[in-house]
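Student: Heads up: the sequence lines are chains A, B and C, in that order. Residues 58 to 662, numbered by my numbering, are exactly what the first sequence covers, in order. Residues 174 to 275, numbered by my numbering, are exactly what the second sequence covers, in order. Residues 170 to 334, numbered by my numbering, are exactly what the third sequence covers, in order.
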Amino acid sequence: MTYVALTILGPLAAMVAILLIRRAAPALALIGVGVALIGAITTLVNVAGGARYAATLPGLPEFPLRLIATPLTAVLSTVIAVVGAFVMLYAIGYMEEEGGKVRFFVQMSFFVAAMETLVLAGDWVLLLAAWEMIGLASYMLIGFWYEEEGIGEAATRAFLYTRTADLGLYVGIFILVSQAGTTEISDTLEVGGTAAFAASLLILLAAAGKSAQTPLQGWLQDAMAGPTPVSALLHSATLVAAGAILLIRAFPLFPPGTLLVVGALGGVTAVVAGVMAVADRDLKRLLAASTSSQYGFMLLALGVGSPVAALAHLTAHAAMKSSLFLGSGVFQHARGSTDFSKLSGIGRERPFVFAGFTVAGLALAGVPPLAGFWSKDAVIAATFESPYAWLFSPLALFGTALTGIYVARTLRLLWKGEKQDEPVAGMAWMGAGMSGLVALAIILGFALEPLAGLVGGGLPRDLLTVVLGAAVAISGLALGWFVPADSLLGPVRASAEKGFRIGGGFEQFVARPALAVARVTDAFDGGIHRGVLTVGHAGLAVARASRITDEKGIDGLIFALVRGTRNLGRRARRLQTGLVHKELLLAVTGGVLILTFLAVRTLVL
Amino acid sequence: MATLIVALIVGAILFGVGLYGSLSQTNLVMIMMGVELILAGAMVNLVAFWRFLHPEAYSGQMFVLIVMTVMALEMAVGFGVGTARFRYKGSVEMEEARDLKG
Amino acid sequence: MLQTIFVGLFGIAAIWFGVVVFTTSSMVRSALALLFSQAAVGAMFLAMQTEFLGVLQIMMMGTEMSIMAIFMVMYMMDPGGLMGMDMTHQKRISQVAGVLGALVVVGIVFLVGWGSIAGSVPPDQQVHGLGIELMERSMLIFETAGITILTAMIATIAVALERRQ
Chain A
58 MTYVALTILG PLAAMVAILL IRRAAPALAL IGVGVALIGA ITTLVNVAGG ARYAATLPGL
118 PEFPLRLIAT PLTAVLSTVI AVVGAFVMLY AIGYMEEEGG KVRFFVQMSF FVAAMETLVL
178 AGDWVLLLAA WEMIGLASYM LIGFWYEEEG IGEAATRAFL YTRTADLGLY VGIFILVSQA
238 GTTEISDTLE VGGTAAFAAS LLILLAAAGK SAQTPLQGWL QDAMAGPTPV SALLHSATLV
298 AAGAILLIRA FPLFPPGTLL VVGALGGVTA VVAGVMAVAD RDLKRLLAAS TSSQYGFMLL
358 ALGVGSPVAA LAHLTAHAAM KSSLFLGSGV FQHARGSTDF SKLSGIGRER PFVFAGFTVA
418 GLALAGVPPL AGFWSKDAVI AATFESPYAW LFSPLALFGT ALTGIYVART LRLLWKGEKQ
478 DEPVAGMAWM GAGMSGLVAL AIILGFALEP LAGLVGGGLP RDLLTVVLGA AVAISGLALG
538 WFVPADSLLG PVRASAEKGF RIGGGFEQFV ARPALAVARV TDAFDGGIHR GVLTVGHAGL
598 AVARASRITD EKGIDGLIFA LVRGTRNLGR RARRLQTGLV HKELLLAVTG GVLILTFLAV
658 RTLVL
Chain B
174 MATLIVALIV GAILFGVGLY GSLSQTNLVM IMMGVELILA GAMVNLVAFW RFLHPEAYSG
234 QMFVLIVMTV MALEMAVGFG VGTARFRYKG SVEMEEARDL KG
Chain C
170 MLQTIFVGLF GIAAIWFGVV VFTTSSMVRS ALALLFSQAA VGAMFLAMQT EFLGVLQIMM
230 MGTEMSIMAI FMVMYMMDPG GLMGMDMTHQ KRISQVAGVL GALVVVGIVF LVGWGSIAGS
290 VPPDQQVHGL GIELMERSML IFETAGITIL TAMIATIAVA LERRQ
């Protein structure tokens, strides 16, 4: 059953190959993700046929690494591989005229490998490692155009937000592992009592951070600074889904108290992020807010005790939102911006892309019989079955209406206006990638029921909610099309546009503390630095002193000697003429003197 | 005995003439000639000493050979220096050679 | 007796020509005078039964003085001595030094007791004996003289060579 490993090894090998060869990066990345797709589908087929797979890899002592293929992980793995393959196909066209292809495709391949590892991980250690790797990949890909102003900051902000939330995951996993004595996920989930309550809340924190739930939704809009394929793959379908995936996998752990928190959080996010989406003036930021909102729906489904509905919505959302992002990427290339003011009339200009965008948008809004209708319907039905239906159902319905409103608003803004034809490079690749995902957005609705059956348990459904959901969605669409956002939101609009950054935004709660800690450590570091400098200065002073004694003392002595010798030589030169005959005479005189002395001595003695 | 005395006196006078020459001449070559005469006087003395005092020891003759070598070397080096000097100044007059004063 | 006469005659010739070296005003003549003086010294050697050194002295000085004459002509602008210029300096003190030197040496000659005088030397063994001396007892000195000659040759050529940049 090596094909499970293929899903991870394919993109990993592609990454290594691109790094080594440094050319034909798009083709290699596409091959890598294609291998992953084959592996994932094969796994899914085999798992559907009843096979189970678990591999134990050597890891930390007593904590081996595990890969497992259960129906849940197989479905998630397939979702990631499918979206990854289509986005990679699209990225070939998108990146055609961009620099840094090698870097881009290396990081994308790395991300796919890390994400597959995350969903297939069978123990917390491996999951945590993959969690960190996708965070890293996200950071690098948001900052892909790091030369441009503000991009680096956006990447850092997104990284800080998710990192802060990740602390919850660390502590939660620590509690679970210390209680259960093993790192295997399925075993640790059986821990009960206070430990389960604390751990589940901490895990929820991590998931809320990764899935951009209120109040940590701000970073996702910043993340839109990255290339659009990155937004489509990481920040809608997979990386953001990691939070929901974590919750789905850890669902057995959650006691009812936590579930209520999960549901409330999801419901609030669905509404708050939805309002933000209605207010936004930028296509990609609108889609990012919508993503937060849709993950709110998934948490809502989890909160009312239906992980299957959450999974169904996750799957459908992956296809729909990725399609929307891919469409927006085409618009972005055509107009050089994603601001609505620059995108007016783009719909008439690119009818095919706009058609795909519209279909995906309607699917997201929940128009039957598209995919979003079925999944959202399942979520709404689940809320009605909950004991807290009075709380959750209105939230779900309101969120659905908001979805309709912002989808219709978007379509209207894109359609109305003048068209201005400009060619877009790489349209064939982009079209191929996008049409595949749009097709999935249309037909996936009919596959959700079998998928749910595979995972275990059917999707919740009743006639009332079907009618209600569809009606709310369509009325929301109508409202969004005919009523402008300003009059719809009124005074809330200004605040919503800024992302409801209460009290200076969540900078206050996340970035500031992080930066304060950074400052403190920097001051500490500076202190050490100063200490080192002081020691260095002292050493220099000693050296200077010794140099002075050297120059004034020893050197002075030597120079004095030299000067003395020279003076002596100058004086001695005056005594002699330099003439050979005079010297000879002197020599003779000297010889005479010596001889006389010798003779006298001989005679006397 | 008389022969030895005669030879030694001849050597002494040659020495005196050579000394006068080497001290009084202004030309490098002439100075060298004076030195040659001094050495000739020395050689006469050496030969006389060998012949009349120790004819059994040939070191006396050996000494003369060495003196001849010195004469030849003095000639050679002197002319080498003279040539260099002539090239440089166009003359070998020692009155003009004050370079050694520095 | 005969030997004394010959030594004295050749000695007078050597001194005479030695004086002529510094009294004539012609370069060529003074070189020739030195040649004759040295030849007379060589003849004195022969008169004192020193055949090898006598012949060597005459041959060597003949060659040496000829070379000296050539250099004289080369260096002096006035080889024939026609301008009659005086080429001496510090004449008085030199004369005093020369006369005094000679007198002192003569005085020493008469003051020293010379001891017994050796008889005649067997003439047929002389060159052989000198060869044995050179190649046995005094070989180191002889070899040193050879090396010195070589060194002087190299040094002379190095000094006399035209300077190059």
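In this text, a Cβ means the ideal position worked out from N, Cα and C, and glycines have one as well.
#1: If you measure beta-carbon to beta-carbon, which residues of the region 258-272 of chain C are closer than 9 Å to chain A?
#2: So, helix, strand or coil for Leu117 (chain A), using DSSP?
#3: Under the three-state reduction of DSSP, which class applies to Gln46 (chain A): helix, strand or coil?
#4: Taking the alpha carbon of Ala200 (chain C) as the reference point, which residue from C:Thr173, C:Gly177, C:Val224 and C:Met245 has its own alpha carbon closest?
#5: Where are the beta strand (DSSP E) runs, 3 residues long or more, that stay fully inside the region 179-230 of chain B, in chain order?
#6: What are the boundary residues of the alpha helix (DSSP H) that Gln389 (chain A) is part of?
#7: Give a yes or no on whether the C-beta atoms belonging to Phe449 (chain A) and Gly526 (chain A) are separated by under 9 Å.
#8: Please report the distance separating the alpha-carbon of Ile559 (chain A) from that of Pro570 (chain A).
#9: Between which residues of its own chain and Ala171 (chain A) is the CB-CB distance below 7 Å, once the five residues before and five after are set aside?
#10: Since Ser432 (chain A) contacts Leu511 (chain A) with CB under 8 Å, what's their CB separation in whole angstroms?
#11: Given 8 Å as the limit, is there contact between the region 266-277 of chain A and the region 239-251 of chain A, that is, 3 or more CB pairs closer than that?
#12: DSSP three-state label for Tyr60 (chain A), please.
#13: With Ala321 (chain C) as the anchor, note down where its alpha helix (DSSP H) starts and where it stops.
#14: From Arg80 (chain A) to Ala595 (chain A), what distance separates their C-alpha atoms?
#15: Report the residue ranges of all alpha helix (DSSP H) runs contained in full by the region 578-632 of chain A; include only those spanning at least 4 residues, in chain order.
#16: Could you tell me the distance, in whole angstroms, from the CA atom of Arg604 (chain A) to the CA atom of Asp612 (chain A)?
#17: Using the Cα positions of Gly561 (chain A) and Arg220 (chain A), report the straight-line distance between them to the nearest angstrom.
#18: If the cut-off is 8 Å on Cβ atoms, which residues from the region 254-273 of chain B count as contacting chain C, listed in chain order?
#19: May I ask which residues mark the beginning and end of the alpha helix (DSSP H) holding Val523 (chain A)?
#20: Report the option in A:Arg405, A:Leu427, A:Ile499 and A:Ala428 whose CA atom is closest to the CA atom of Trp472 (chain A).
#21: From the DSSP secondary-structure annotation, give me the bridge partner or partners of Ala112 (chain A).
#22: Using three-state DSSP, classify Ala178 (chain A) as helix, strand or coil.
#23: Within 10 angstroms of its Cβ, does Phe325 (chain C) collect 16 or more other Cβ (buried), or is it exposed?
#24: Suppose the cutoff is 8 Å on Cβ atoms and the five residues either side in sequence are ignored; what does the same chain contact list for Leu76 (chain A) look like?
#25: Where do the ends of the alpha helix (DSSP H) carrying Gly502 (chain A) lie?
#26: Shortest alpha-carbon distance to Ile302 (chain A) belongs to which of A:Glu247, A:Ala465, A:Thr130 and A:Arg392?
#27: Taking C-beta to C-beta, are Ala245 (chain A) and Leu233 (chain A) nearer than 9 Å?
#28: For Asn218 (chain B), count neighbouring C-beta atoms within 10 Å of its own C-beta (all shown protein chains included) and say buried if the count is 16 or more, exposed if not.
#29: Taking the alpha-carbon of Ala93 (chain A) as reference, which of A:Leu101, A:Leu66, A:Ala289 and A:Phe231 has the nearest alpha-carbon?
#30: In this structure, what does DSSP give as the bridge partners for Glu266 (chain B)?
#31: Compare the C-beta of Leu632 (chain A) against all C-beta atoms of chain C and say whether one is closer than 9 Å.
#32: Report whether the distance from the Cβ of Arg518 (chain A) to the nearest heavy atom of the ligand NAP is below 8 Å.
#33: Skipping 5 residues on each side, what residues in its chain have a beta carbon closer than 6 Å to that of Phe455 (chain A)?
#34: Which residues does DSSP pair with Thr242 (chain B) in a beta bridge?
#35: Between the region 116-123 of chain A and the region 174-184 of chain A, do at least 3 Cβ pairs fall closer than 8 Å?
Tutor: According to the structure shown:
#1: His258, Gln259, Ile262, Ser263, Ala266, Leu269 and Gly270
#2: If DSSP states are grouped into helix, strand and coil, Leu117 (chain A) belongs with the strands.
#3: Nothing about residue 46 (chain A) can be reported from this structure: the residues present for chain A run from 58 to 662 only.
#4: C:Met245
#5: none
#6: Pro364 to Arg392
#7: no
#8: Only weak support is given to the placement of Ile559 (chain A): the predicted model assigns it a pLDDT of 48, under 50, and the question is left unresolved by the model.
#9: Ala187, Met190, Ile191 and Ala194
#10: Wrong, their Cβ atoms sit about 15 Å apart, outside the cutoff.
#11: no
#12: helix
#13: Met308 to Ala329
#14: The alpha-carbon atoms of Arg80 (chain A) and Ala595 (chain A) are separated by roughly 54 Å.
#15: 613-632
#16: 10 Å
#17: With a pLDDT of 45 at Gly561 (chain A), under the threshold of 50, the predicted position of this residue should be treated as unreliable, though the coordinate-derived value follows. Taking the straight line from one Cα to the other gives about 20 Å.
#18: Listed in sequence order: Val254, Gly255, Thr256, Ala257, Phe259, Arg260, Ser264, Val265 and Glu268.
#19: Leu520 to Phe539
#20: A:Arg405
#21: A:Leu124
#22: Residue state, collapsed to three classes: strand.
#23: Note that residue 325 (chain C) corresponds to Thr in the displayed sequence, not to Phe. Its Cβ being crowded by 16 or more others within 10 Å, Thr325 (chain C) is buried.
#24: Val159 and Val163
#25: Met484 to Val512
#26: Nearest C-alpha to Ile302 (chain A): A:Thr130.
#27: First, the residue type needs correcting, since residue 245 (chain A) is Thr and not Ala in the sequence shown. Against a cut-off of 9 Å, the Cβ pair of Leu233 (chain A) and Thr245 (chain A) comes out as a contact.
#28: Asn218 (chain B) is buried by the Cβ-count criterion.
#29: Distance check between Ala93 (chain A) and each of A:Leu101, A:Leu66, A:Ala289 and A:Phe231 places A:Leu66 closest, using alpha-carbon atoms only.
#30: B:Asn200
#31: no
#32: Ligands are entirely absent from the displayed structure, and the ligand NAP is therefore not among its contents.
#33: Val328
#34: Partner(s): none; Thr242 (chain B) has no beta bridge.
#35: yes
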